[in-house]
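Participant: Following the working numbering, the numbering of the sequence shown begins with 767 at its first residue and continues without gaps. Cβ coordinates follow ideal geometry from the N, Cα and C atoms, glycine included. Following this message is one structure expressed as structure tokens.
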Amino acid sequence: ENGVEDDREALCLVDFGLAKPYPGSEPMDAGKGSAEWSSIRSADGGVRRPEDDLEALAWVLLYGLFGSLPWVPVLSAAYAEWSVDEHREAVLRQVKRMKVQLLDYVGTGCIAQQSGWDLGGLDWQRFAETPRDLYQFFRVCQTEVKPPQRPDYAALAALLGYDGSLTPMGAEQQDRRDWRKYVAPLI
């Protein structure tokens, strides 16, 4: 449930299932976590970074904007055979390609056909309406920095509309006004 009686406007997005200390955690298999939301980088396995969690948030935001993501039907169909390693790995590779291709489409406006991969008649054109700042948020999350550094949270917050002029309480109050004005009428 999202919120309680006194806090009905709070949307809670919490998943501590894969929480690990950073830095210093052990690598994880590619299949760990929810493929619907996981970062493109996590599809290859390895040590998860804060940017992977931020990219997962961006996928949730994209889902909230459009009501679906192209790979959700692929995953839904695949879950019946999820315990078969080869099947799961093939689907995870396909989902990774779809995520990469979707971001390429949002960035360039065209989809590069890859041999042997069918878009499945999906309506990609609607994702052309993805806000440029959300696209940039994805790209910042995917930037590889050697050695890994703490994400630039101020820059990421700015891409999501924070201009630094509000106190935390003021930002919370503005979020609630925006929720009532833009989101509540839709639900």
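State buried or exposed for R892, treating a residue as buried only when at least 16 other CB atoms are found within 10 Å of its CB.
Facilitator: R892 comes out exposed.
Participant: Give the DSSP-derived three-state secondary structure of G830 in the structure shown.
Facilitator: In this structure, G830 counts as helix in the three-state DSSP scheme.
Participant: For M935, count neighbouring Cβ atoms within 10 angstroms of its own Cβ and tell me buried if that reaches 16, exposed if not.
Facilitator: Per the 10 Å Cβ criterion, exposed.
Participant: The alpha helix (DSSP H) that contains A923, what's its start and end?
Facilitator: Unbroken alpha helix (DSSP H) run through A923: Y919 to L925.
Participant: Assign L831 to buried or exposed, taking buried as 16 or more other Cβ atoms, counted over all protein chains shown, within 10 Å of its Cβ.
Facilitator: With fewer than 16 Cβ atoms within 10 Å of its Cβ, L831 is classed as exposed.
Participant: Would you call T933 buried or exposed, if buried means 16 or more other Cβ atoms sit within 10 Å of its Cβ?
Facilitator: Exposed, since its Cβ has fewer than 16 Cβ neighbours within 10 Å.
Participant: Tell me which residues share the same chain as L820 and place their Cβ nearer than 7 Å to its Cβ, disregarding the 5 neighbours each side in the sequence.
Facilitator: Around L820: C907, P917 and L922.
Participant: Assign G811 to one of three DSSP states: helix, strand, or coil.
Facilitator: If DSSP states are grouped into helix, strand and coil, G811 belongs with coil.
Participant: Measure how close the beta-carbons of E802 and L858 come, nearest whole angstrom, since I'm counting them as under 8 Å.
Facilitator: E802 to L858, Cβ: 11 Å. No contact.
Participant: Could you work out which residue in A822, P836, S800 and E817 is closest to Y871 when comparing CA atoms only?
Facilitator: Considering only alpha carbons, the answer is P836.
Participant: Would you mind stating whether D818 and S834 have Cβ atoms separated by less than 7 Å?
Facilitator: Against a cut-off of 7 Å, the Cβ pair of S834 and D818 comes out as no contact.
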